[in-house]
């Protein structure tokens, strides 16, 4: 299976992962439906048997609340260059200068020549706020773009590996700008 096909599936699972409150609501709804079915099926078979069946179903329902979370974690792409090499940084630099610098600037400060044409200011990679975003989120933004904010999707122009190289280079820009 090709890398891009696998990541397409990752993006799908990542999009299907629900927020915690929705997982809980889904689990409670599922528990209610299952309890109603159990009550109908075991009607007249004794109170203890019904209670045991209900306890088992509540346990299964609570466990099912976590399935979307774990699937989202399982299929979330991770940066293979968490320990960057000079070669990866150089490749990331070349890609960054070609694809990103027109908007984000050579130093990553969000002041590239094309930044004036954007509907909102280009992201500044030289400030501490940059590091508050997860690598997975940055990967998704780079691959899929951010509608309405001027950030184009690079998923058709760059491979997943190239996107990770660019992000690794941007991380290095951020660290250097903060003196780390």
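Residue numbers (the numbering used here): 331 to 510. We treat Cβ as the ideally placed atom computed from N, Cα and C, and that holds for glycine. Quantities reported herein were computed from a predicted structural model and do not represent experimental measurements.
By the three-class DSSP mapping on this structure, what secondary structure does residue 500 have?
helix
Opening and closing residue of the alpha helix (DSSP H) in which residue 472 lies: 465–474
Problem - Contacts around residue 425, its chain only, beta-carbon distance under 8 Å, and the 5 residues preceding and following it disregarded - result: 488, 492, 495, 496, 499
Quiz prompt | Cβ shell of residue 418 (< 6 Å), same chain only, five flanking positions each side left out | solution = 411, 495, 498
- Task: Determine the direct distance from the alpha carbon of residue 506 to that of residue 481, and round the result to whole angstroms.
- Result: 24 Å
inquiry  = Tell me which residues share the same chain as residue 421 and place their Cβ nearer than 6 Å to its Cβ, disregarding the 5 neighbours each side in the sequence.
reply    = 495
Under DSSP, the alpha helix (DSSP H) around residue 422 begins and ends at which residues?
416–425
Note to self: Here's a check: name, in chain order, each residue in its chain whose Cβ is nearer than 6 Å to the Cβ of residue 472, leaving out the five neighbours to either side.
What the structure shows: 484, 493
Please check the pair residue 438 and residue 503, which I expect to be a contact at CB under 8 Å, by giving their CB distance rounded to whole angstroms. 4 Å
* Which residues share a DSSP beta bridge with residue 481? -> 476
If we ignore side chains and look at the alpha-carbon of each, how far apart do residue 448 and residue 474 end up? 17 Å
Using a 10 Å radius around the Cβ and a threshold of 16 neighbouring Cβ atoms, would you call residue 452 buried or exposed? buried
Under three-state DSSP, which class holds residue 413? coil
Item to complete: Would you decide whether residue 477 is buried or exposed? Buried here means 16 or more other CB atoms lie within 10 Å of its CB.
Response: exposed
On the CB-based measure, 16 or more other CB atoms within 10 Å of its CB, does residue 464 come out buried or exposed? exposed
(Q) So the candidates are 387, 378, 469; which of them puts its Cα closest to the Cα of residue 366? (A) 387
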